[in-house]
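Just below is one structure, and these are the notes that go with it.
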Amino acid sequence: MLVHLSVHNYAIVEHLDLELDRGMSVITGETGAGKSIMLDALGLTLGDRADSGVVRPGADKADILATFDLADIPRPTPGWPSVTWTPTARASCVGSSRQKDVPAAISTVRPARSET
47 MLVHLSVHNY
57 AIVEHLDLEL
67 DRGMSVITGE
77 TGAGKSIMLD
87 ALGLTLGDRA
97 DSGVVRPGAD
107 KADILATFDL
117 ADIPRPTPGW
127 PSVTWTPTAR
137 ASCVGSSRQK
147 DVPAAISTVR
157 PARSET
């Protein structure tokens, strides 16, 4: 589940920080409000490609950070230790070149006791 999206200098967006709660979230707004821009930015963190044209005019680069909570994802095999993960995906677009992939960190938030 997406829990946080941070967008800086992407298209017309100077700065956006979006925190999402559990459950369903609905993004609404008038035409031109930036709904599709926000989803396109999220797509970059998930592997979509972009060129330097997505960098906001006057900025050197665009940065997008998405944080996910995978606590409710079932374990692949019974008996595997339970671990709560918070993967973070990041993308940067530099004005003078194509998209620059930035390694994403996966950090353990709360290891559960192992089942023996």
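All residue numbers for the sequence shown refer to my numbering, where the first residue is 47 and numbers rise by one.
Cβ coordinates follow ideal geometry from the N, Cα and C atoms, glycine included.
Keep in mind it's a predicted model, so treat the numbers as computed, not measured.
Can you grab the Cα-Cα spacing for the pair residue i / residue j, in whole Å?
i, j, result
"VAL49", "ALA96", "23 Å"
"PHE114", "GLY104", "30 Å"
"GLY89", "TYR56", "12 Å"
"THR77", "GLU65", "22 Å"
"ASP106", "SER82", "22 Å"
"ASP63", "CYS139", "18 Å"
"ARG136", "SER98", "16 Å"
Can you tell me which of the options puts its alpha carbon nearest to the alpha carbon of residue i?
i, options, result
"ALA87", "VAL100, THR77, ALA79", "VAL100"
"MET47", "THR134, VAL140, SER138, THR77", "THR134"
"ALA117", "ARG68, LEU64, ASP63", "ARG68"
"HIS61", "VAL140, ALA137, ARG102", "ARG102"
Would you grab the beta carbon distance between residue i and residue j for me? Rounded to a whole angstrom, and I think it's under 8 Å.
i, j, result
"ILE58", "GLY80", "7 Å"
Just mark residue i as buried or exposed, buried being the case when its beta carbon has 16 or more other beta carbons within 10 Å.
i, result
"THR74", "exposed"
"MET70", "exposed"
Sufficient close CB pairs (3 or more, under 8 Å) joining the region 48-65 to the region 105-117: Note that the region 48-65 touches the region 105-117; at least 3 beta-carbon pairs, one per stretch, sit closer than 8 Å.
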